[in-house]
Structure formats: C-alpha cells, structure tokens
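Protein chains in written order, with this note's numbering: chain A, 1 to 293; chain B, 294 to 612; chain C, 613 to 868. Positions of the beta carbon are idealized from the N, C-alpha and C atoms, including for glycine. Reviewing the structure listed below.
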Amino acid sequence: MNLADQVLQYLLSGLVVGGIYALIGLGFVIVYSVTRVINFAQGEFAMLGALVMVTLTDRGIPMPVGFLLAALAGCGIGALLEGAAIHPIRRGSALTLLIITIGASIVIRGAALLVWGTDPLPLPAFTGGPPLQIGGAIIVRQGLWVLAVALAIFAGLWAFFTRTYAGKAVQACAIHPTASRLMGIRVDRMFLLAFTLAGGLGAVAGIVIAPITYATYDMGLMLGLKGFVAAVVGGLVSPPGAIVGGFLLGILESLTAGLVSSGYKDAVAFLILILICLAQVARLLPWRVVEEA
Amino acid sequence: MARFGVRPDTRALLVLAAVLAAIPLVVRSGYLLGILNFVGLNAIAAMGLTLLMGYAGQVSLGQAAFFGLGAYTSGILTATYAVNPWAAMAAAALLTGIVAFAIGTPIFRLSGLLLAMSTLGFGIIVYYVQVNWAALTGGPSGLTAIPPLSLGGFRIDNDRRFFYLVWGCALLLLALALNLADSRIGRALRAIHGGELAARMAGVDATRLKLQIFVVSAAITALAGSLYAHYLTFINPSPFGFGYSIELLVMVVLGGVTSLWGAFLGAGTLTILTEALRAIMPRLTGRTQAEYEIILFGLLLIGFMMFLPKGLAGLARGE
Amino acid sequence: MASPPLLEVRGLAKGFGGVMAVNDVDFAVRDGQIKAMIGPNGAGKTTIFNLITGVFPPSRGSVAFRGRPIVGLGPHAIAALGIGRTFQAVHLFGEMTVLENVMLGRHARSRSGLLASALRTASMRREEREIREASLTILDAVGLRDKAGQVAASLPYGEQRLTEIARALALEPAMLLLDEPAAGLNREEKARLGDLIRRLRGRGITLLLVDHHMDLVMGISDEVLVLNYGEKIAEGPPGEIQRHQGVITAYLGDED
C-alpha cells in the first residue's frame, strides 16, 4: 500500500470514528446550550445504547426494532438523569453540576458493570458482506452505516431545530432563557428535552459503532471525553461546530495512529482540548469557548 | 478566630499524633497496616486537592498526573540513576511544581468549567506519556527495583516503619496547611472564594495566588506519589490515570471541600470502604476482576453534592 | 499655586458593542475633596468607577493617580496604590466574619507570604497581631466593634454597607470611591453616613462618590459632576448644579 493509499485509509477510518464523535459532541452542545451544564455522562449514553442493543439482539429481536428500543432507552436514561440529579440542583453552580454529572457517569458505568460484566460483547453489523473498496483503501460496511446514520441524524436535527416549534423553543432557550420564559416557553421542559435528546443521540452513536469496536461497560468514558473535545472545537454552543469538530478529531486521531504512533492516538483529543483552551486565553480564536474568567 | 498559644487545631493534631503513634504497636496485621498506609498516602494527595478546591476554589480533574509525576520522577531518579532517594523526592516535588506552574499560568485565566476540563486533558496526556515513553518509564509494565527510603542505615522497608513515615509527613503537612489557612493568605483565599472581584478590589492578586496554590497542591500530591513509589518499590501507570483523579475528588467532596481535616476524613472513609467492597463484592457477584466500588463513588459524589455539600467535616461541626 | 489633582481623568471612553457607555469624559479630583458624580441610571457612573479601578480597560483615554498613569494595571495593583472602592450591591465575603472581612482589607498593606504563613514565623505572627488591631480600630471608628465576630451575611443591610466601607478603609487609601453608599439606608443611617464621610475627609481621605440621594449629595460635596448618556454635562459646586438648566432637564433628581 503506497502512502497515498495509506492516507486515504486513515482518512476513511477517521471519518467513520469522527461521525461518532460528532454525534456525541452534538449531545454535549444540545445540553450545554440549553442548560449551561457540561454533561459528563454523555459518553455513558453511548455505552448503554450499545449494550442494550447487544442484549436485545441476543434475545432475537430484529435489529431495526432493537435500534429504536435502544435509542429510546438512551432517551430514558437522559430524562432520568435530568429529573433525578439535575433538576433538583438546577440553581447550583456550574461546577457543582459538573461534579454531579461526573458522579452520574460513574454510577451508570458501575451499574453497567454489574449487569453486563467486563467482557467485550459483540454486535453483528447491520448488513452482512465484505468490506468495500474505495480507491486504494477499504471501508467495512458498518462504517458506511455509521456515516449514513450520522448524516440522517444531522438532517433530522436540522429539521427539528428549524421546522418544529419544539426545536425552535430549544434554540430560543439556548440563546436567551429569560426572554424565552417571558414568551411562555417552559424552560424546565426544555432542560428535560435537551437531556432526553442527548440521551438518544448518545445511544445511537454507541449502537452504530458497537459492531466495529465491541461493547463494554467502560467504552463510554473515552467516547464521552472525545465527543466533548469535538463540541469544544465549535464553542460548545454550535451544532455545526460539533459536527466539524467531530470529523476533524476523528481524522486527526486516525492520521496520528497511522503515521506517528498508535499509543498516542488517544492523547490527540486532549492535546487539542488544551490547545483550544490556550488559544482562547491568547485570544486567537474568533469565537468564544465557554465564558472566560 | 485562633488565638496565639495552643489552638484547637493544635490540640487535635497532638491527639491524632498520639493515636497514630500507638497504632503500629497495637495493630499487628500487615494487611491492616497496609490499608492505613494507603489512607495516609491518599490523605496527603487529597489535602493537595482540598487546598486547590476548598481554598483557591478551582476544580482539578487531573491530580493523578501530579501523583504520577512524583512517583515516576522519584522512581526513575533512584532506580535508573541511583540518586539519593530523599534528594530525588525533593527534585520530584520541585519538578512537578514547575510543571504545574507552566501549565497553570495560561489555564488559570480560564473560567472554572474550562479550567476543570483542561486539567482533565492534562492529566490524561501525562498518563499516556507514562504509558508510551517506555524507554524512560518502562511503559505499561512499569518500573521496578525502586529502593526504599532510609534514614542513615535504618531502611524504611516494611509496613510498620512506613506507617510512621507517611503519617509523620501527613501530620506535618496538615499542620503547615492549617497554619496557612489561618493566615493572611488563607483569608485571601477564602475571599477569592467568596467574591473574586471584591477580593481583587481589596488588593488581592487573585491570579497569582491561585497559581501559587496550584503549584503547592501539585507539589504536595507529587510528594505523596514519591512516597508511594518508595513504599511499593514498583510502579506502573495504571494507578495514575483518570480514575485516581476522580477518587481524590470523591475523597475531598466526602470530607468536605473546604476542610483540611475533611481531606483526612474523606481519604480514610473512601479507602476503607473501597477495601471492604473489594472484599465483599466478588462473593456477591461471583466475579473478581472489576472495580465495583465505582458505583459507590458515583453515588457518594452525587449524594454529598446534593445533600451534604459541607461533607463529613461539616457534619462533625454540626452544620 | 494649586497642587496637581490626586486623580485625573482625560478623554475617558468605553464602548460595549455599539454603545458608548462613557464618552470623552474629563474631570479631576483634588486632594482632600469630596466630589460626587450624579446622573440618571445608565449614565455611566459605575462604568467610570470600573474603569478607574481597573475592572476593564477603557476604549480611549487616560486615568492618572498622583500623576501616574494607571490604565492597564490590575485592580489589585490599583488598590495597592491607594484607591479603595465599595460596590453598588454590597460585595462582602458573606461567610467570613465582619472582622475577617476588614482584616482582608489589609492584604495589600501586609506582606507575609506562603512560606512564612505556613511556618507561622515570629514576623508573621507579629504582622497578624498588627492586622487584627488595625482592623478592630477601624471597626471602632465606624461603630461596628461589637459586631466584629458576627458572620457578615447575618448583619442588617446598613451595617453590611458600613463593613464594606471599613474593609476599604483597611487599605489606608488616599482615595475612596463609594458607589451608592446610601442605597437602602433609612434617614438616620444616611445622616450617620454623611457624618462618616465628613470624618473620613477630616482624616485626609479624598472621596469620590456616586449616589442618587440629592439631600446627601448636595449637602456633603465640594463639587458635583453630572453625567448623562455617558457624557459630562455639568461640573461645579452643588449650588450651581442645582440651578443648571441642562441638569434639571436631563435629570429631574430625586429627593429620597
């Protein structure tokens, strides 16, 4: 495989994993823009989606039905998290809420450990068949599913935010909660909606990636952190930013793993995180990433 | 307000010192002493985080990195380069302090949330360097043959002797930290916590002070790491990852974020609960290999932040 | 020959977004003066305070204290030079006691560092005693000595204001900026505030205050500066200002 083919290969795998980061990043953006909370448990939604899907499929439930049910399970956990842990403390400081979501993520991870154990569990790809050849590189069919589902979700979300009342209400809340309240928008309900959506998004991300990476109780932490980095690239309040950030991160990771060293692959995301934070301090960024001290 | 003379804290310190001095004479079990040694190490590291969170008001999700930096610097200097362990420990604290200064200078101008996430990123990067820079650190299999500390010819190479060392250090650091809390610096820190703009207006150079506390916190945590390295005489990266950063956070929240005594309470409670869980859970679930205690950590974190924000120390004070 | 002013503001301007909150303001405060800034809400008075004390930089213009330019210095450095300030809404450290709040005010006038504090050296202990005594003396002067040990947040509003002033006094400022010190005070408390302000001037402190209570302002100030929409529209002794047509039009004043 010549260098051009190798790079193409890395780009393709980067796109696939980038789609996942974009989906998870969107979850962070939706929650943060409405609630100003960084939801540390975002990655765990993906983990739950994957594991629930595995269990449903093992029981013989057809995959499309399982997909829907697992996604709804993600929504359910998101709603549960909001109702039990966020809503009662919604007037707390941002740091208090961050720590609470850290706690929630750990609890969810531990519960998954109890239910499913430590072994990585396989999930069959959505469609069978050999990997596809694109130029000098190959992509597994599931990879195409990842991209297809991701694009479908992006389109669906765009339609939701721009065409439906609920979606516009969410946006209004994100921009100006007080004015939204005055307009009759129930901000409380928006909080719940944001977390529920994020739960579903996370679950979908986990479901589509599981056939490639297997499903384990601790897959959520890294996925969540990297999804967070994707969201930060766009300023934590921009859905298109999270999407771009996700794909960018996926590609950079993949190129690093292939061309530099696979051991440091996971460090790329955090390097980007620190660089973005430093760039904000040095006022090099044309947009603001979170409020500054 | 403390008066000059014997302060209530001083009395409590002396009582604690007396109790601790007696423990190795009474407790014979190496297993139990070992657990208490880990409580001591965790107490020192937790104190570092309490200074940062409770006094400077900044969350760090990357303290494990400083612990690991201390452990590896001490380990590498003594095992690979045969440097005197005490000198190596001082060098480890100094080096870690410098790293904290370098990383802190830019990121302390960020808001709390972004600062917390930057410390997280920093912690994970340090972890990956420890795993991947095998030539220096021994990679995932770690570093062995770290010599124990010794005073003159007296080798601190068993649980009993190490107990006196680690708890001596812990009490000394606690005393110093309590002094700091009850001083002009401590007031300035509490003021920053209470209203940073007003504190600045009153003459407090908040950015500089927060950075100084960050450096001190890192150095203290590194000290704990060095002691750890000389205790186990073997280290690998796995205890220095994100999980340990979270454990320290739980200890501090459990004990009471603004209380230095709370760091001890939290470290003790968590370490002992973890050991207990590790002993019981395999019997309940039939599986041995996993970290079930994490559910407990998560529940404690949520529960305390929601219902007991002043932690166990707050309970003890009757709040 | 008049001595140079203690505080000199030239061409000061500050824009937020497209709005000029402060636009080309010039004024000076002489040593020993009591000067007041008045104007309708949103006239830019608190913004000027923020600019002088270094909360944010001006878009244009200069501020000089004792002849020395101070734009660009951080708030703590400006405080150390001798400019103290109180806030419109009381910014006390609520969980600290009254005494601790005032002792914090002496931060810039004390020096013990981290090491000396951790080791509790003799010089650090001596300094702590001095800080404590100086703070108690100030609390005496404002009449709050008996509340020294109380948690600041538990005090009635008027006394919280006094505590904030006491904290600013602990800095040993040459100049004190008071932002609406009379807000929320009853008649008696206002009268005592007026007395306190006069006593402070008697001790050599220069005062620049912002307030809406015309009886206090006109009764106590040597000079009044009037702002409207970020611009200076009048400056002079209280009598003149009260008769100034522009002022009357812009700002109907409130009696209480």
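Does DSSP put G684 (chain C) in a helix, in a strand, or in coil?
In the third sequence, counting from the first residue as 1, residue 684 (chain C) sits at position 72. In the structure shown, G684 (chain C) sits in coil (DSSP, three-state: anything other than H, G, I, E or B).
Hey, quick one: how far does the alpha helix (DSSP H) through S519 (chain B) stretch, first residue to last?
Locating residue 519 (chain B) in the second sequence gives position 226, counting from the first residue. A499 to L525 is the span of the alpha helix (DSSP H), which, as asked, contains S519 (chain B).
Short CB-CB distance (under 7 Å) between N425 (chain B) and chain A:
The count along the second sequence starts at 1 and reaches residue 425 (chain B) at position 132. Taking 7 Å as the CB threshold, N425 (chain B) lines the interface with chain A.
Alpha-carbon to alpha-carbon, T698 (chain C) and G596 (chain B)
Counting from 1 along the second sequence, the entry for residue 596 (chain B) is found at position 303. Counting from 1 along the third sequence, the entry for residue 698 (chain C) is found at position 86. Their backbone Cα atoms lie some 38 Å apart in a straight line.
Assuming A336 (chain B) and A512 (chain B) make a contact with CB atoms under 8 Å, what is their CB distance in whole Å?
Looking up residue 336 (chain B) in the second sequence gives position 43. Looking up residue 512 (chain B) in the second sequence gives position 219. Incorrect: roughly 16 Å between the Cβ atoms, too far for contact.
Please say whether L812 (chain C) and K657 (chain C) have beta carbons closer to each other than 7 Å?
Here residue 657 (chain C) refers to the residue found at position 45 when the third sequence is read from its first residue. Here residue 812 (chain C) refers to the residue found at position 200 when the third sequence is read from its first residue. No, these two residues do not count as a Cβ contact at 7 Å.
For R454 (chain B), return the contacting residues in chain C, with the cut-off set at a CB-CB distance below 8 Å.
Within the second sequence, numbered from 1, the residue matching residue 454 (chain B) stands at position 161. Within chain C, no residue comes near R454 (chain B); the closest Cβ sits about 27 Å away, beyond 8 Å.
Answer yes or no: do L370 (chain B) and T389 (chain B) have a C-beta to C-beta separation smaller than 7 Å?
Your numbering for residue 370 (chain B) matches position 77 in the second sequence. Your numbering for residue 389 (chain B) matches position 96 in the second sequence. No; because the gap between Cβ atoms is not below 7 Å, this pair is not in contact.
Taking only beta carbons into account, state which residues of the segment 356-367 of chain B come closer than 8 Å to chain A, listed in chain order.
none
Does DSSP put P850 (chain C) in a helix, a strand or coil?
The residue you call residue 850 (chain C) lines up with position 238 of the third sequence. Here P850 (chain C) sits in helix by DSSP.
Pair within 7 Å by beta-carbon distance, G666 (chain C) and G686 (chain C)
Walking along the third sequence from the start, residue 666 (chain C) turns up at place 54. Walking along the third sequence from the start, residue 686 (chain C) turns up at place 74. Yes.
Can you list, in chain order, the residues of its chain whose CB lies under 7 Å from that of P441 (chain B), leaving out five sequence neighbours each side?
If you number the second sequence from 1, residue 441 (chain B) lands on position 148. R448, I449, D450, H523 and T526.
Which residues, in chain order, does the segment 457-472 of chain B contribute to contact with chain C at a C-beta distance below 8 Å?
Hits within the stretch, in order: L469, A470 and N472.
Of the residues B:M544, B:G548, B:S531 and B:P575, which one's Cα is nearest the Cα of V424 (chain B)?
Working through the second sequence from its first residue, we reach residue 424 (chain B) at position 131. With distances taken between Cα atoms, V424 (chain B) lies closest to B:S531.
Would you decide whether D868 (chain C) is buried or exposed? Buried here means 16 or more other CB atoms lie within 10 Å of its CB.
Within the third sequence, residue 868 (chain C) is the residue found at index 256, counting from 1. Per-residue confidence for D868 (chain C) stands at a pLDDT of 46, beneath the threshold of 50, marking its modelled position as unreliable; the derived number appears in the next sentence. Looking at its Cβ environment, which holds fewer than 16 other Cβ atoms inside 10 Å, D868 (chain C) is exposed.
Give the list of continuous alpha helix (DSSP H) stretches no shorter than 4 residues that lie fully inside the segment 402-487 of chain B.
Complete alpha helix (DSSP H) runs here, min 4: 405-425, 427-430, 452-474 and 477-487.
Contact under 7 Å by Cβ, L56 (chain A) with L69 (chain A):
Here residue 56 (chain A) refers to the residue found at position 56 when the first sequence is read from its first residue. Here residue 69 (chain A) refers to the residue found at position 69 when the first sequence is read from its first residue. Yes. Within cutoff.
Quick one: what does DSSP say G696 (chain C) is sitting in, helix, strand or coil?
Sequence index remark: in the third sequence, residue 696 (chain C) carries index 84 (1-based). Of the three classes helix, strand and coil, the one that applies to G696 (chain C) here is strand, per DSSP.
At the 7 Å Cβ level, is L193 (chain A) part of the contact set with chain B, yes or no?
As a position in the first sequence, residue 193 (chain A) is number 193, starting the count at 1. For L193 (chain A), the answer is no, since every Cβ of chain B falls outside 7 Å of its Cβ.
Contact set for V550 (chain B): own chain, Cβ-Cβ below 6 Å, skip 5 residues either direction
Numbered from its first residue, the second sequence carries residue 550 (chain B) at position 257. Closer than 6 Å at the Cβ level, and outside the excluded window around V550 (chain B), lie M346 and G347.
For R773 (chain C), count neighbouring Cβ atoms within 10 angstroms of its own Cβ and tell me buried if that reaches 16, exposed if not.
The residue labelled residue 773 (chain C) in the question sits at position 161 within the third sequence. Result: buried.
Where does Q133 (chain A) fall in DSSP's three states?
The residue you call residue 133 (chain A) lines up with position 133 of the first sequence. Three-state DSSP puts Q133 (chain A) in a strand.
Are the beta-carbon atoms of Q42 (chain A) and G19 (chain A) separated by less than 7 Å?
What you label residue 42 (chain A) is simply residue 42 of the first sequence in a count that begins at 1. What you label residue 19 (chain A) is simply residue 19 of the first sequence in a count that begins at 1. Their beta carbons are not under 7 Å apart, which means Q42 (chain A) does not touch G19 (chain A) by this criterion.
With a threshold of 7 Å between beta-carbons, can G717 (chain C) be considered close to chain B, or not?
Here the question's residue 717 (chain C) lines up with position 105 in the third sequence. Yes, G717 (chain C) lies at the interface with chain B (some Cβ there is under 7 Å from its Cβ).
Taking a contact to mean a Cβ-Cβ separation below 7 Å, would you say L553 (chain B) touches T343 (chain B) in this structure?
Position 260 of the second sequence, counted from the start, is the residue given in the question as residue 553 (chain B). Position 50 of the second sequence, counted from the start, is the residue given in the question as residue 343 (chain B). Yes, these two residues count as a Cβ contact at 7 Å.
Closer than 8 Å at the beta carbon, the chain B residues around A85 (chain A)
Counting from 1 along the first sequence, the entry for residue 85 (chain A) is found at position 85. Chain B residues near A85 (chain A): I595 and M599.
Going along chain A in order, which residues have a C-beta closer than 7 Å to the C-beta of P399 (chain B)?
Within the second sequence, the letter at position 106 stands for residue 399 (chain B). Going along chain A in sequence order, the residues near P399 (chain B) (Cβ under 7 Å) are L278 and V281.
Please classify L354 (chain B): does DSSP put it in a helix, a strand, or coil?
Position 61 of the second sequence, counted from the first residue, corresponds to residue 354 (chain B). If DSSP states are grouped into helix, strand and coil, L354 (chain B) belongs with coil.
List the residues of chain A that Y585 (chain B) touches, going by C-beta distances under 8 Å, in chain order.
To locate residue 585 (chain B), count along the second sequence from 1; it is residue 292. Those within 8 Å of Y585 (chain B) in chain A are G110, L113 and L114.
Beta-carbon of L236 (chain A) versus every beta-carbon of chain B: anything under 7 Å?
The residue given as residue 236 (chain A) occupies position 236 in the first sequence. Output row for L236 (chain A): interface = no.
Excluding the 5 residues flanking M382 (chain B) on each side, which residues of the same chain have their C-beta closer than 6 Å to its C-beta?
Start at 1 with the first residue of the second sequence, and residue 382 (chain B) comes out as number 89. These residues qualify, in order along the chain: S367 and S519.
Determine the extent of the alpha helix (DSSP H) in which S180 (chain A) is found, giving its start and end residues.
Numbered from 1 along the first sequence, position 180 holds the residue referred to as residue 180 (chain A). From DSSP, the alpha helix (DSSP H) with S180 (chain A) extends over P177 to L182.
Could you confirm whether any beta carbon from chain B is found closer than 7 Å to the beta carbon of Q729 (chain C)?
Position 117 of the third sequence holds residue 729 (chain C). The amino acid at residue 729 (chain C) is misidentified as Gln; the sequence shows Ser. S729 (chain C) counts as touching chain B.
Closer than 8 Å by beta-carbon distance: list the chain A residues that pair up with I539 (chain B), in chain order.
On the second sequence, residue 539 (chain B) is found 246 positions in, with the first residue counted as 1. Ordered by position in chain A, the residues that pass the 8 Å Cβ test against I539 (chain B) are I102 and I106.
Does any CB atom of chain B fall closer than 7 Å to the CB of A720 (chain C)?
The residue you call residue 720 (chain C) lines up with position 108 of the third sequence. Residue-level contact check: A720 (chain C) touches chain B, since one or more beta carbons of chain B fall below 7 Å from its beta carbon.
Just the chain B side, please: which residues come within less than 7 Å of Y264 (chain A) by C-beta, in chain order?
Taking the first residue of the first sequence as 1, we reach residue 264 (chain A) at position 264. Those within 7 Å of Y264 (chain A) in chain B are Y421 and N425.
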